[in-house]
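Protein chains in written order, with this note's numbering: chain Y, 76 to 191; chain W, 3 to 115. Read through the structure below, which is laid out as structure tokens, and then see the notes.
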Amino acid sequence: DVKVTQSSRYLVKRTGEKVFLECVQDMDHENMFWYRQDPGLGLRLIYFSYDVKMKEKGDIPEGYSVSREKKERFSLILESASTNQTSMYLCASSPTSGSTGRYGYTFGSGTRLTVV
Amino acid sequence: QKEVEQNSGPLSVPEGAIASLNCTYSDRGSQSFFWYRQYSGKSPELIMFIYSNGDKEDGRFTAQLNKASQYVSLLIRDSQPSDSATYLCAVTGLTGGGNKLTFGTGTQLKVEL
Numbered sequence: 076d077v078k079v080t081q082s083s084r085y086l087v088k089r090t091g092e093k094v095f096l097e098c099v100q101d102m103d104h105e106n107m108f109w110y111r112q113d114p115g116l117g118l119r120l121i122y123f124s125y126d127v128k129m130k131e132k133g134d135i136p137e138g139y140s141v142s143r144e145k146k147e148r149f150s151l152i153l154e155s156a157s158t159n160q161t162s163m164y165l166c167a168s169s170p171t172s173g174s175t176g177r178y179g180y181t182f183g184s185g186t187r188l189t190v191v
Numbered sequence: 003q004k005e006v007e008q009n010s011g012p013l014s015v016p017e018g019a020i021a022s023l024n025c026t027y028s029d030r031g032s033q034s035f036f037w038y039r040q041y042s043g044k045s046p047e048l049i050m051f052i053y054s055n056g057d058k059e060d061g062r063f064t065a066q067l068n069k070a071s072q073y074v075s076l077l078i079r080d081s082q083p084s085d086s087a088t089y090l091c092a093v094t095g096l097t098g099g100g101n102k103l104t105f106g107t108g109t110q111l112k113v114e115l
């Protein structure tokens, strides 16, 4: 089975801190995604990547950046954390370009981030 | 209009009944359709996908797709308390290409003893 691992389940950070959320997948997937999930708003796409060093903005990229230096690792960076970034962050992956429609995503276990 | 719409619920059904979860989508170009189950505090897990009109069955789950009506549904037969969760509908083929899934906000299902 594909495994998508997020480094932290729970994280508490202070306003203004730079925050790194790490995601690693072990099945050589090309596509990786970062979503946040909030009550009533569902899953919203922040950034995604189809290949190493490649990134594309999703629907809500403001206040976030990403890094993909290796195929298996996709990092989400909150440049200066704010309280409105308190949320559940979910990383996901899918095999290859165009394959999401056949396989869907595999999700990591999520990181619940609280910014105080 | 939201791209993928679901009734937020909660939908309450008695144990052993059929639960019917519905989803509509706005883009006629959508190609594939997924149902994810998400328990409280956990991440979504894939339970069904469908891309052809009609029904697709897998155990107690049946996915139904009607592209003309832009409608996809999930039936859960013989509902169990362990089915209590939020069910997310997701589609590909919306703006930006087929690699991304766009999710509905989910329907909360409660199966009561």
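Beta carbons are placed, not taken as given, at the ideal position from N, Cα and C, and that holds for glycine. These numbers were taken from a predicted model, which means no experiment stands behind them.
Along chain W, which residues have their Cβ under 8 Å away from the Cβ of residue i?
i: Phe123 of chain Y; result: Asn101, Lys102
How would you call residue i, buried or exposed, if buried means at least 16 neighbouring beta carbons within 10 angstroms?
i: Gly179 of chain Y; result: buried
i: Val191 of chain Y; result: exposed
i: Ser39 of chain W; result: Rather than Ser, the amino acid found at residue 39 of chain W in this sequence is Arg. Classification for Arg39 of chain W: buried.
i: Phe95 of chain Y; result: exposed
i: Val79 of chain Y; result: buried
i: Arg84 of chain Y; result: exposed
i: Arg79 of chain W; result: exposed
i: Asn101 of chain W; result: buried
i: Phe105 of chain W; result: buried
Using only alpha-carbon positions, find the residue among the options that is nearest to residue i.
i: Asn159 of chain Y; options: Y:Gly138, Y:Glu105, Y:Arg177; result: Y:Gly138
i: Thr109 of chain W; options: W:Thr88, W:Thr94, W:Leu103, W:Glu47; result: W:Thr88
i: Glu147 of chain Y; options: Y:Leu116, Y:Arg187, Y:Asp101, Y:Tyr85; result: Y:Asp101
i: Ser34 of chain W; options: Y:Asp126, Y:Arg177, Y:Glu97; result: Y:Arg177
i: Glu114 of chain W; options: W:Glu7, W:Glu5, W:Pro12; result: W:Pro12
i: Ser150 of chain Y; options: Y:Thr186, Y:Thr171, Y:Pro170; result: Y:Thr186
Does the ligand ADP have a heavy atom nearer than 7 Å to the CB of residue i?
i: Asp60 of chain W; result: As for the ligand ADP, it is missing from this structure, which has no ligand bound.
Listing by chain order, which chain Y residues have their CB less than 7 Å from the CB of residue i?
i: Tyr76 of chain W; result: First, the amino acid is wrong: residue 76 of chain W is Leu here, not Tyr. Result: empty, since nearest Cβ-Cβ is about 14 Å, beyond 7 Å.
i: Phe105 of chain W; result: Gly117, Leu118
Quick one: list the residues of chain C neighbouring residue i, beta-carbon separation under 7 Å, in chain order.
i: Ser184 of chain Y; result: Of the protein chains in this structure, namely Y and W, none is chain C.
Could you tell me which chain W residues have their CB closer than 9 Å to the CB of residue i, listed as they occur along the chain?
i: Asn106 of chain Y; result: Asn101, Lys102
i: Gly91 of chain Y; result: The premise fails here: Gly91 of chain Y is roughly 28 Å from chain W at the closest Cβ pair, so nothing lies under 9 Å.
By the criterion of Cβ-Cβ separation under 7 Å, what are the contact partners of residue i in chain W?
i: Leu96 of chain Y; result: The premise fails here: Leu96 of chain Y is roughly 14 Å from chain W at the closest Cβ pair, so nothing lies under 7 Å.
Item to check | 3-residue-minimum beta strand (DSSP E) runs that sit fully inside the stretch 6–73 of chain W, ordered along the chain | outcome: Here the runs fully enclosed are 13–16, 21–27, 35–40, 47–52, 56–60, 63–68.
Item to check | Touch test, the stretch 77–92 of chain W against the stretch 92–108 of chain Y, Cβ-Cβ under 8 Å, three pairs minimum | outcome: Per the Cβ contact rule, the stretch 77–92 of chain W is not in contact with the stretch 92–108 of chain Y (fewer than 3 Cβ pairs under 8 Å).
Next on the checklist: I'd like to know if the stretch 73–85 of chain W and the stretch 85–94 of chain Y are in contact, where contact means that at least 3 CB-CB pairs between them fall below 8 Å.
Outcome noted: Output reads no: the stretch 85–94 of chain Y does not touch the stretch 73–85 of chain W.
Checklist entry - Taking three-plus beta-carbon pairs below 8 Å as touching, is the stretch 43–59 of chain W in contact with the stretch 180–189 of chain Y? => result Between the stretch 43–59 of chain W and the stretch 180–189 of chain Y there are three or more inter-stretch CB-CB distances shorter than 8 Å, so the stretches are counted as touching.
Item to check | Sequence ranges, alpha helix (DSSP H) only - wholly within the stretch 165–190 of chain Y, length at least 4 | outcome: Positions of the alpha helix (DSSP H) runs, each at least 4 residues long and wholly inside the stretch 165–190 of chain Y, are given as 175–178 in order along the chain.
Checklist entry - Which runs of the beta strand (DSSP E) spanning at least 3 residues fall entirely within the stretch 83–170 of chain Y, listed in chain order? => result Runs of the beta strand (DSSP E) inside the stretch 83–170 of chain Y: 85–88, 94–100, 106–113, 117–124, 139–145, 148–153, 162–169.
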